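Peer 1: Okay, handing you the structure first.
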Amino acid sequence: MKKRVMIVDDDKMTLQLCEYILKKQGYNVVTVESGKRCLEYLRDESNPPVHGILLDIEMPLLNGYNTLSSIRQSEKLMKIPVMFLTA
82 MKKRVMIVDD DKMTLQLCEY ILKKQGYNVV TVESGKRCLE YLRDESNPPV
132 HGILLDIEMP LLNGYNTLSS IRQSEKLMKI PVMFLTA
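Shown next, in the form of structure tokens:
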């Protein structure tokens with residue numbers, strides 16, 4: 082089973098580049114353009130599970146730190162590995 086990685090970044094070029102690299106390495110990739118959409122995806126149980134998250138720090142409205150804080154407050158989500166990404 083392929084692992085699924087979520088990339089969260091408001092910059093479309095960064096999303097496309099990271100998606101390309103991860104897909105070449107055999108990962109399934111989910112891309113979202115905001116912390117809000119990240120949380121919506123993760124909380125929707127009809128979506129396939131995510132095994133790791135690359136999270137941009139500097140995003141409008143809900144930055145990476147606040148998004149991570151929300152992820153860590155959820156028992157269901159708190160164990161997902163998260164790496165910060167900034168470009």
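Position 35 (the sequence shown) corresponds to 116 in the numbering used here; numbering is contiguous. For each residue, glycine too, the CB sits at the ideal point set by N, CA and C. Only a predicted model underlies this, so the values are computations on that prediction, with no experimental measurement involved.
#1: Is Met140 buried or exposed, if buried means 16 or more other CB atoms sit within 10 Å of its CB?
#2: Check whether the Cβ atoms of Val89 and Leu136 lie closer than 8 Å to each other.
#3: Strictly by DSSP, which residues pair up with Asp137?
#4: When you compare each of Tyr108, Lys93, Tyr101 to Val131 by their alpha carbons, which one comes out closest?
#5: Could you compute how far the alpha carbon of Cys119 sits from the alpha carbon of Thr148?
#6: Does the separation of the CB atoms of Val113 and Lys104 fall below 8 Å?
Peer 2: Put simply:
#1: As a position in the sequence shown, residue 140 is number 59, starting the count at 1. Answer is buried; the Cβ neighbour count reaches 16.
#2: Residue numbering aside, residue 89 sits at position 8 when the sequence shown is read from its first letter. Residue numbering aside, residue 136 sits at position 55 when the sequence shown is read from its first letter. Yes, they are a contact pair.
#3: The residue given as residue 137 occupies position 56 in the sequence shown. In the DSSP output, where bridge partners are listed per residue, Asp137 has Leu166.
#4: In the sequence shown, residue 131 corresponds to position 50, counting from 1. When the alpha-carbon of Val131 is set against those of Tyr108, Lys93, Tyr101, the nearest one is in Tyr108.
#5: In the sequence shown, the residue the question calls residue 119 occupies position 38. In the sequence shown, the residue the question calls residue 148 occupies position 67. Cα to Cα, Cys119 sits roughly 8 Å from Thr148.
#6: The residue given as residue 113 occupies position 32 in the sequence shown. The residue given as residue 104 occupies position 23 in the sequence shown. Inclusion of Val113 and Lys104 in the CB contact set at 8 Å is not warranted, their separation being larger than that value.
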